[in-house]
Amino acid sequence: NTFSCGDGQCVDWEDGIVYGNLEYFVGSVEEMPGCRNQKNLRKSKVTFDQNYSNNSITGGICEQYPSDFHRCPISRECISNHRLLDGYFDCLDESDENRVNFNSYIDKMFLQDRYKCETVPGMVMFHLLGDGQTQCSDGSDEMNTWINWKMIECQRATDHGCQILKKASIWRSNKKELMLPFDNLCDSFWHMPYGFDEMYCSNGGWICPHNWIKYNRSDTTIWNGNCAPKDARCDGKWDHPDGRDEWNCKSKNGIFPNFVQPQVFDWPCQHVITKEKINISLNRNLLGDGTIDCVGGQDERYTFVCQDGLQIQDRFRCTNGTCIPQQFVCDGIDQCSDSEDELNLYCVKNHNRTFSCKSPEWFNCGDTCVKNDQRCNGKIECKINANDEKSCHMRNTNQRKYSKTRSSIRKKRRVLDIQRIWRCHHGIYVNEGSASDANERCFCPPSAFGDHCQFYAHHITVVFTLDMTIDLSKSNSTTIRVVTLLEYHGKIIDFMILSYNSIQLPLKTKQRFYLFYPWSLLKTIREASSKDYTVSFHLYSAAYEQIRLLSVWNYSIKFPFLPAFRVTAQLIYRHSSTCSNQIIESCGSHSIGCHLIDKTIAYCECKPPWYGSRCSERPSINPCAEHSLYFPAYRSGLNQTEDFICICSDHRKGRTCHISATQNKVSHTFNNDTCYYLTEGNYDLKSSRTHCICAANLYGSNCQLKAATTSLNISNTIADKSSILILQLNDWNEDSTRMTISTQQFITIENNPSKIFFAGRSFPDTALLKIYRNNHVNHKRTYDIFVIWQPYIPQRQSHHISMENRCYHVEELKNLIPFNNENDQSLNQTMYTLKFYHQPCQHLNISCFYDELAYFCRCHKTYRSAICGLYDFFFERCDYCLNEGTCLFGNKMKDYYDFICQCPRCHHGILCHYRTAQYKYKIHSLETNLFINSYCHDDDWFHK
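Going left to right, the sequence shown walks through residues 19 to 962 as this note's numbering numbers them.
Here it is as structure tokens:
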């Protein structure tokens, strides 16, 4: 149980760490047993065991592979380029987080999972965005110009926040995407720096939601027209810029704290120029008027910004624009350049400037200090001036205005004991009840081990997908097993067995796991070559009392000396090529065939229980059940032969395949549809289940339920046989104000009217039809959107779709919305335009519109206001087509090969890969000057 100091020195764990201040002991080895360097424990991410990995600090790997590794210039560690600019210090000299060092040579492939700071050099990992701690000096990792990262939550891959994070690493200053829920506009809360989302709401005739209060002030246009909920009225917290939602309030039970009523307007205001005291209660017109009248800027707390572009709120604004926390005001130390934080009415008159408190955790009363948590508790602690109960309105600033949040907000993290949390280094600290050491545990990731997760496990990360399909009607009793082996000179030192049933193939998601090296091999692993270690994938078909090898893939490990290495493979199943007679004979008499891995390497398939490169070995005692395959394994070392692998046939489970599982049965029918028994490939006997291939009008585990159905009759005035029609069924999420696509499919105009089914009792609440036109027609937009039904348009048994169903693009509504011109795409102009989005809904002939920037909008039938949701306008797009053809997905959720290419003029083919342009000839036989240019056939512009 030792801890690596990172410089070659190792110390005992308990002796080397001081939990009280999270720092190493400092001193000579004779005086103290701790590390000689003074690196902070929280900065240390890499710990190597002394016996096996110290050489990585001074070895020649960096010089041998300079494009993959980085040598710390002063402390001389050698680290992977993947650890550069990741928000953690891996070099003792901290050079790995200084972007200036890498501008010239670092490959962008190492920075794919980084967020680039907006206005200053620097990058941070995605998990640090919006965590409450500023990593970028411009604060853009907490809130940048376009998005407030604290508002982003990513729990599932389909979450809106996850989609934002996917795009965050490719954002550039010349191309931004607006990811702000529409309900966040004009809601009296800043979701963007400088308050762009709250400006000029009255100019566009913004309509407040039902039961909300509209801010109306005629002498200002910038901050006028914002909305706040009715229940925010008289809650002791400012919601409107001048706090008028708290005017003329009477104290009632439950509204104000039990001790004292908040000083919403009764706070000292000293004029910034005359230095005279102003009675704010009698001069409320000064509040929120766009001019700072009071020292500290509290009269403009919701209209002026600090140096970080955020509201003043409960901070003290110096005259130079910088802001300081309130606990630094009147603490006897000048924080502002003009000393206004110490020379104002907040502070004690003629107080002793030499008196100060020992830390920022204490409040300075002038002659004594009290703890900050004793401020604004309704009890006077500063006996001579009661300053601890003054300016308490600042402590009641409403940080998150509304109890019911309509957008997804990052959940608050539970505060843990930081003096113990670093005990587990690479793992997770868990206290099972009390604070005693006996109940403390460290949960280690697979890549680490030890009582404190202080050691790295030498491992390989394996990532693969399998491109393979099986016809259920022919092979419903087949299970596919992928056996992954980590081998050293042909000996298996670790393995993983994964099983899949027919319906799971082809695999749509990446499979990820670890394989580990035994400790006995790590002593010589630095001398190993790329030929010593391999990762191989064996693909088996497992049926009743039968298991058959289908294919084999081999990958050598290029850098086995690395403590972590990744093998990524796309396994595409093809029938193996036939081996030559010479190779078959070399496999021996106990083989049943061979599989070519490449032109020179073959794999011999042996009869059970024989094994080996030539099927010449067999175990003295076979632990595996009949009809299963046996392989020796050496996970504990090359001299340890008691380990083994058993690969089971389909109806067998367990370590040695002796557990009998439910046998796959022949197919049967429900409601005239075929169903099959499938297994989940684990040891649970209950895992066997049926999978039914249902007709389109049925769904359920046994096709026992009737699907929702309707028919679409599409007018020939909006589509012809060359158009591509895509039906999208969407769920409108009111909480996140996002329209999520549930399912999508192609509609064929030749089958008009078309029957539509949905595997559920009812359809999703919104149905859209996107019609792509031939892109040679002179139109800027290549598609139109038609709404079939939405929450205020009921679903029927049949729907007729014509031009009346078409949604408007905002470019067609320029008389109602001042749409951005191409020369002005600034954020300020974009946000100004959005404030006019309620205007189209004042016209009864408009029921929906969209902008392709972010929003699809529908009009509320009663209130005639716009209800806009974030919508992925390019969800159906793909990139399989050539020659600038438009690639469109159909049933993308289930089949990535269901796509159509809409080809440009003079191109055709499934992928638009044929070209007929510039094909010219003369017809001399007609003896005329007629010259013919043959271009392309209009009816052949898209292919599926």
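For every residue, glycine included, the Cβ atom is placed at its ideal position computed from N, Cα and C.
Quick one: grab the DSSP three-state call for residue i.
i, result
"Ile182", "helix"
"Pro536", "coil"
"Arg101", "helix"
"Glu318", "helix"
"Asn731", "strand"
"Tyr629", "strand"
"Asn909", "coil"
"Val313", "coil"
"Phe214", "helix"
"Tyr801", "strand"
"Thr848", "helix"
"Met127", "helix"
"Glu264", "helix"
"Ser113", "helix"
"Cys622", "strand"
"Ser299", "helix"
"Met169", "helix"
"Lys397", "coil"
"Tyr737", "Note that residue 737 corresponds to Ala in the displayed sequence, not to Tyr. Coil at Ala737, not helix or strand."
"Ser93", "coil"
"Cys896", "strand"
"Arg673", "coil"
"Glu81", "helix"
Since I believe residue j is in contact with residue i (beta carbons under 8 angstroms), could you give me their beta-carbon distance rounded to a whole number of angstroms?
i, j, result
"Gln329", "Trp208", "6 angstroms"
"Ile478", "Arg499", "Ile478 to Arg499, Cβ: 20 angstroms. No contact."
"Ile1010", "Phe87", "Nothing can be reported for residue 1010, as the shown portion of the chain is limited to 19 through 962."
"Thr904", "Gln920", "4 angstroms"
"Leu589", "Leu484", "5 angstroms"
"Thr552", "Glu505", "5 angstroms"
Can the beta-carbon of residue i be found closer than 9 angstroms to that of residue j?
i, j, result
"Phe482", "Ala587", "yes"
"Arg814", "Trp807", "yes"
"Ile789", "Leu743", "yes"
"Thr340", "Cys365", "no"
"Gln353", "Cys336", "yes"
"Asp260", "Ala246", "no"
"Phe891", "Phe907", "no"
"Thr674", "Ala643", "yes"
"Ala884", "Ile225", "yes"
"Asn221", "Gly243", "yes"
"Phe555", "Val501", "yes"
"Leu580", "Arg756", "no"
"Leu745", "Ile767", "no"
"Met821", "Ile736", "yes"
"Asp783", "Trp750", "yes"
"Phe781", "Ile918", "no"
"His443", "Ala475", "no"
"Leu929", "Cys899", "yes"
"Ser574", "Lys541", "no"
"Ser517", "Ile488", "no"
"Thr321", "Gly308", "yes"
For residue i, I'd like the list of residues in its chain whose CB is within less than 6 angstroms of its CB, leaving aside the five on either flank, ordered along the chain.
i, result
"Glu563", "His645 and Ser667"
"Lys625", "His608 and Ile610"
"His817", "Leu730 and Ile806"
"Pro858", "Leu831, Leu834, Ile864 and Phe867"
"Glu902", "Pro922"
What does a CB cutoff of less than 7 angstroms around residue i pick up in its chain, not counting 5 residues either side in sequence?
i, result
"Ser604", "Arg632"
"Gln658", "Tyr652"
"Glu115", "Leu103 and Phe107"
"Phe334", "Gly314, Cys341, Ile342, Gln344, Val347 and Asp359"
Quick one: what's got a C-beta closer than 8 angstroms to residue i's C-beta in the same chain, skipping five residues either side?
i, result
"Ile351", "Glu360 and Ser374"
Should residue i be counted as a contact of the ligand NAD given a C-beta to heavy atom distance under 8 angstroms?
i, result
"Ser729", "This structure does not include the ligand NAD; it has no bound ligands of any sort."
Contiguous alpha helix (DSSP H) assignments of at least 4 residues, all confined to the stretch 443 to 529: 490 to 493
Alpha helix (DSSP H) runs contained entirely in the stretch 535 to 620, provided each spans 4 or more residues: 599 to 604
Those runs of the alpha helix (DSSP H) which lie wholly inside the stretch 739 to 820 and span at least 4 residues: none
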